[in-house]
Amino acid sequence: MAKFGLGKGLGALIPEHQQFFEQSLEEQSASIVKLVSIEDLVPNPDQPRKTFTQESLDDLAESIRRHGLLQPLLVHQEKSGKYIIIAGERRYRAAQIAGLEQLPVIVRNQDDENHRIELSLVENIQREDL
Numbered sequence: 069m070a071k072f073g074l075g076k077g078l079g080a081l082i083p084e085h086q087q088f089f090e091q092s093l094e095e096q097s098a099s100i101v102k103l104v105s106i107e108d109l110v111p112n113p114d115q116p117r118k119t120f121t122q123e124s125l126d127d128l129a130e131s132i133r134r135h136g137l138l139q140p141l142l143v144h145q146e147k148s149g150k151y152i153i154i155a156g157e158r159r160y161r162a163a164q165i166a167g168l169e170q171l172p173v174i175v176r177n178q179d180d181e182n183h184r185i186e187l188s189l190v191e192n193i194q195r196e197d198l
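For the sequence shown, our numbering gives the first residue as 69, with consecutive numbering after it.
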């Protein structure tokens, strides 16, 4: 697997589209989907999104109350049993506000920290307030 580093520009961190697509398909087949206690989820300290407005979280929480959580969070399980959020921290925060006790997650046991950062960036890359 290729190494990607910080400080080299976004192009150095994110592989070619075809390579990324093929990697993602392989990893998806190794992923596990399950319900996890919200207390076992931990925000990612390297989360690229730094701004979470209360108004937008409240709006999302109301949507979650009405329709449920439509997309699972992407997480990495630590040896401690806790789950680090790779993608979906905004959904996690809104689910807390909505009072959910469990959330659907896709467990992607990816030991490569650079790849976890890459997945977080890809999840947020088109968001205007990142």
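Just so you know, even glycine gets a beta-carbon here, dropped at the ideal spot from N, CA and C.
Note that this is a predicted model, so its numbers are computed, not measured.
Task: Leu138 versus Ala129: straight-line alpha-carbon distance, rounded - done: In the sequence shown, the residue the question calls residue 138 occupies position 70. In the sequence shown, the residue the question calls residue 129 occupies position 61. Distance between the alpha carbons of Leu138 and Ala129 is about 12 Å.
ask   = Alpha carbon to alpha carbon, what distance is there between Leu103 and Val175?
value = Reading the sequence shown from its first residue, position 107 is the one you call residue 175. Reading the sequence shown from its first residue, position 35 is the one you call residue 103. Answer to the nearest angstrom: the Cα atoms are 10 Å apart.
**Q.** Where Leu137 falls: helix, strand or coil (DSSP)
**A.** Residue mapping note: residue 137 aligns to position 69 of the sequence shown, counting from 1. In the displayed model, Leu137 falls within coil according to three-state DSSP, outside both helix and strand.
Note to self: Rounding to the nearest angstrom, what Cα-Cα distance links Arg47 and His144 in this structure?
What the structure shows: With the chain running from 69 to 198 in the structure shown, residue 47 is simply not present.
Worksheet item: Going by DSSP, what residues sit across from Lys147 in a beta bridge?
Response: Residue numbering aside, residue 147 sits at position 79 when the sequence shown is read from its first letter. Note: Lys147 sits in no beta bridge, so no partner.
Are Leu142 and Ile154 closer than 9 Å when you measure CB to CB?
Mapped onto the sequence shown, residue 142 falls at position 74. Mapped onto the sequence shown, residue 154 falls at position 86. A distance below 9 Å separates the beta carbons of Leu142 and Ile154.
What number of angstroms, rounded off, separates the C-alpha of Gln170 from the C-alpha of Ile106?
Start at 1 with the first residue of the sequence shown, and residue 170 comes out as number 102. Start at 1 with the first residue of the sequence shown, and residue 106 comes out as number 38. About 5 Å.
*Are the Cβ atoms of Asn112 and Ile165 separated by less than 9 Å?*
Taking the first residue of the sequence shown as position 1, residue 112 is located at position 44. Taking the first residue of the sequence shown as position 1, residue 165 is located at position 97. Inclusion of Asn112 and Ile165 in the CB contact set at 9 Å is not warranted, their separation being larger than that value.
C-alpha distance - Arg161 paired with Val101, whole-angstrom precision
Against the sequence shown, residue 161 aligns to sequence position 93. Against the sequence shown, residue 101 aligns to sequence position 33. Cα to Cα, Arg161 sits roughly 20 Å from Val101.
Just to confirm, are Glu146 and Val173 a CB contact at a threshold of 9 Å? By 1-based counting over the sequence shown, the position of residue 146 is 78. By 1-based counting over the sequence shown, the position of residue 173 is 105. No, the Cβ-Cβ distance between Glu146 and Val173 is not below 9 Å.
Buried or exposed for Gly156, please, with buried defined as at least 16 other CB atoms from any protein chain shown within 10 angstroms of its CB. Residue mapping note: residue 156 aligns to position 88 of the sequence shown, counting from 1. Residue burial annotation: Gly156 is buried, with at least 16 other C-beta atoms found within 10 angstroms of its C-beta.
Starting from Gln115, follow its DSSP beta bridges and name the residues at the other end. By one-based count along the sequence shown, residue 115 stands at place 47. For Gln115, DSSP assigns no beta-bridge partner whatsoever.
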